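So the number in the numbering used here is just where the residue sits in the sequence shown, counting from 1, plus 20.
Glycine is no exception: its CB is placed at the ideal position from the N, C-alpha and C atoms.
The model shown is predicted, which means the values in this text are computed figures rather than measured ones.
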Amino acid sequence: MALDVATLASQMLGAALPILENDAGDAESFAKTEFLKIAQTLAGLEAQLKAGQINQQQAAILFDIQKNASRNVLLTLKGLALLAVEAAINAALGVVKTIVNTALGFALL
């Protein structure tokens with residue numbers, strides 16, 4: 021039995037895409053939150069500088085703290101994305117496992 025490449029690809033995409041789309045939505049949500057925090061920090065720094073509550077050096081330090089915190093959150097997404105990719109590949113291979121292994125005559129997947 022010859023494997024139909026288009027059918028296999030379609031089945032694998034159908035299994036993997038929901039996983040990848042879900043992960044992308046999570047990434048967007050985290051990114052929006054972190055960029056909102058950065059924007060709030062910048063606005064707060066502006067107000068504090070104008071009020072004479074902090075100097076430029078303090079503003080730079082406070083900004084770096086927020087930037088590093090946001091960086092850590094977004095880098096965590098990179099690790100989560102790797103897990104999502106692995107889950108997507110496993111789901112994709114799972115939906116074609118039986119037909120591929122039968123066609124090959126041994127358990128490759």
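Beta carbon of residue i nearer than 7 Å to that of residue j
i    : j    : result
E48  : V93  : no
L97  : F126 : no
A111 : A36  : yes
A79  : L95  : no
A123 : L23  : yes
Three-state class that DSSP yields for residue i in the structure shown
i    : result
Q78  : helix
D43  : helix
A22  : coil
F126 : coil
Q60  : helix
Alpha-carbon to alpha-carbon, residue j and residue i
i    : j    : result
A104 : L40  : 6 Å
Q120 : A107 : For the record, residue 120 in the displayed sequence is Val; it is not Gln. Going by the C-alpha atoms only, they are around 19 Å apart.
A59  : Q86  : 10 Å
L56  : G64  : 12 Å
P38  : L100 : 15 Å
Minimum C-alpha distance to residue i - residue among the options
i    : options                : result
G114 : N42, A80, L128         : L128
M32  : K117, T122, L102, A123 : K117
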